[in-house]
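Numbering (the working numbering), first residue to last: 3 to 293. Glycine included, C-beta positions come from ideal geometry on N, C-alpha and C.
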């Protein structure tokens, strides 16, 4: 929702004690990127898909595991979004680039560059060129996966939401509330109304804020070294440690980009709060989710 007042009204209408007061504190602002379907001709402008506008001395990044080129998801001109950064945590100037291996669940990279003027549109790696195959081979192997997404400009605006009911942050609320009432039973209608403007195939790309979960994944648990993975067995301290990993960017399936991850899935880029404070984007953690 763009209006936080309406979100508060949803909580007041649907959320039951003891969740209400705790959930009000979890409303977070995000920076929404909505594709238009129009090509982006201006170098250095925020966009999704296509080819990145990289500094002249920067090569197209490759997988750290397979040495194959990563697919380009999008670029953010930090100057275009600085007024929407409510927590003042992102760089004020420079470019953020997001890349991902479409054949993997956690293989990708975020690049931050202070260069915004001496840019050039990168030429896609030769590995991305579609190989000509016989009809029989296409019939047996299927249509090859697109490595270059269709390019689109974006409209950018601030948006507010509270955590998905299946997020670790709501699990923390339940711990603090010391209740056995299931979050989904306590405020299912509130979650439904919060997402009422979003259909299952509405694309929700955004920076910061709360991620929109799909399959009850509790993604932050992937980033802590802990043998205890059962949510019910985690202590308050363990959950708080996991939640030091913050959402940096949620990239969604999108018809304008001609891209669907699995069955309309999402890619989440997480960053540790200490790295975010220091503007260090080298230690990003990635998780994916799909219907």
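According to the DSSP secondary-structure assignment, residue 247 is paired through a beta bridge with 274.
The Cβ atoms of residue 52 and residue 153 lie closer than 7 angstroms to each other. The beta carbon of residue 127 sits closer than 7 angstroms to those of 62, 71, all from its chain and outside the five residues before and after it, given in chain order. For the set 95, 122, 68, 115, the Cα lying nearest the Cα of residue 102 is the one of 68. Secondary structure of residue 29 (DSSP, three-state): coil. Collapsing the DSSP output to three states places residue 171 in a helix. CA-to-CA, the gap between residue 84 and residue 271 works out to about 19 angstroms. Following the DSSP letters along the chain, one finds residue 112 in no alpha helix (DSSP H) but inside the beta strand (DSSP E) bounded by residues 110-115. Inter-residue distance for residue 260 and residue 185 is about 35 angstroms (C-alpha atoms, whole angstroms).
The three-state secondary structure of residue 151, taken from DSSP, is coil. Judged by beta-carbon spacing, residue 213 lies beyond the 7 angstroms limit of residue 29, meaning their Cβ atoms are not closer than that value. Around the Cβ of residue 211, a 10 Å sphere holds 16 or more other Cβ atoms; the residue is buried. A residue is called buried when at least 16 other Cβ atoms come within 10 angstroms of its Cβ; residue 264 does not meet this threshold and is exposed.
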